[in-house]
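Residue numbers (the numbering used here): 6 to 402.
Read the structure below first, then the notes.
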């Protein structure tokens, strides 16, 4: 970036440069061995706007493209956000779904896509006939998505395919059957199926007698009045060891009930989150930085710097990040510990109340008994799950 004068013209036009500075600043601070510096370039869309407005003719997008290549070569360019697209690409280009036999002598294919045949079938035919004059051996490829993608356009595509079957010799048709990413109802249905299977299994095996709350409470009776402290201590240590808190929460709800289960769980969860925060900030900063490589963690850092406790509140209410890693990640940001601790306690509370209330009814549900806590828990869980939608709606206003 020797030609960049740092005039700032491009910065005023680009959200990426507004966040990270001029191309000269980015080039000077670039360290190929630093994972955080190495992945910043992936947030640039390489649109070329900076080059278009640069008075000295510098092309910063070329620099950011080379930084991307360097990051990939060093193993820093693999992000969780890209896994879905990469998986789709692997499936679509695999042998199973990408090999189609072409008619003999055919070397050129016309693929009109989905929108053109669905909305302008006449134009599609005209384009094909025009291309046929230039390429006499022209082949034709149609891709008809599911009817749910648009019933009218779907019918248009089917009619067009039937027409081309009559006028194009040696035509071969296949329907793509690649499974989609799954509907939003898949997980709830799986959860419901597991619950039904568990109820049937427990009742058929007679294991319900071992799941009585009294029996489970007896396991803690040896600790006497310090049983809640033991539970809180275990919950405090779990996040620092990257252990899941779900089984602990379910146990706490069963043993202590919906009221005290919430009290002890929110105390333990808050202390555990604070412990992970302090470890990341003062004891294991280098290790944590190596684990948190990626554009979304960099975005969390910048959002926290701008919004402080609001960033903590948002991520506690809307689970965009793995809970245990999130605790460590906030330790690397500039937020103060008191702000983090208070926001964590307050904004984890709604989800804790909903889950503990629901979990306190699970043993009865496994034995075929539906309690009041079950319905209250369902309502609360649904209410908490609507928070992301409400947040999106609020941002649009």
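Beta carbons are placed, not taken as given, at the ideal position from N, Cα and C, and that holds for glycine.
Mapping DSSP to helix, strand and coil, what is residue 381?
helix
Contact between the stretch 242 to 257 and the stretch 321 to 340 (3+ Cβ pairs under 8 Å)
yes
Would you list the residues sitting across from residue 115 in a DSSP beta bridge?
145
Given a cut-off of 8 Å, decide if residue 236 and residue 262 are closer than it, judged by their beta-carbon atoms.
no
Spell out a yes or no on whether the stretch 303 to 323 and the stretch 282 to 290 are touching, meaning 3 or more CB-CB pairs, one atom from each, closer than 8 Å.
no
I need the DSSP call for residue 182, collapsed to helix, strand or coil.
Caution applies to residue 182, whose pLDDT of 42 falls short of 50 and renders its modelled position unreliable; the model cannot decide the point.
Nearest-angstrom Cα separation, counted from residue 362 out to residue 405
Because the chain is modelled from 6 through 402, residue 405 falls outside the range shown and cannot be assessed.
Which word fits residue 291, buried or exposed, when buried means at least 16 other C-beta atoms lie within 10 angstroms of its C-beta?
exposed
Counting along the chain, where does the alpha helix (DSSP H) carrying residue 353 start and finish?
342 to 364
DSSP state of residue 335 mapped onto helix, strand, coil
helix
Identity of the residue in 16, 39, 377, 41 nearest residue 30 by Cα
16
Three-way DSSP call (helix, strand, coil) for residue 289 in this model
coil
State the DSSP-derived secondary structure class of residue 55, mapped to helix, strand or coil.
helix
Are residue 81 and residue 49 touching if we call contact CB-CB under 8 Å?
no
Please state the DSSP three-state secondary structure of residue 10.
coil
Considering only their Cβ atoms, is the gap separating residue 63 from residue 11 smaller than 8 Å?
no
C-alpha distance - residue 358 paired with residue 251, whole-angstrom precision
13 Å
Can you tell me whether DSSP reads residue 269 as helix, strand or coil?
helix
So, are the CB atoms of residue 43 and residue 85 less than 8 Å apart?
no
Residue 19 and residue 55 look like a contact to me (Cβ under 8 Å); what is the Cβ gap, rounded to whole Å?
6 Å
At least three beta-carbon pairs within less than 8 Å, the stretch 118 to 128 to the stretch 157 to 168
yes
Find the nearest neighbour of residue 272 within the set 347, 288, 341, judged by alpha-carbon distance.
347
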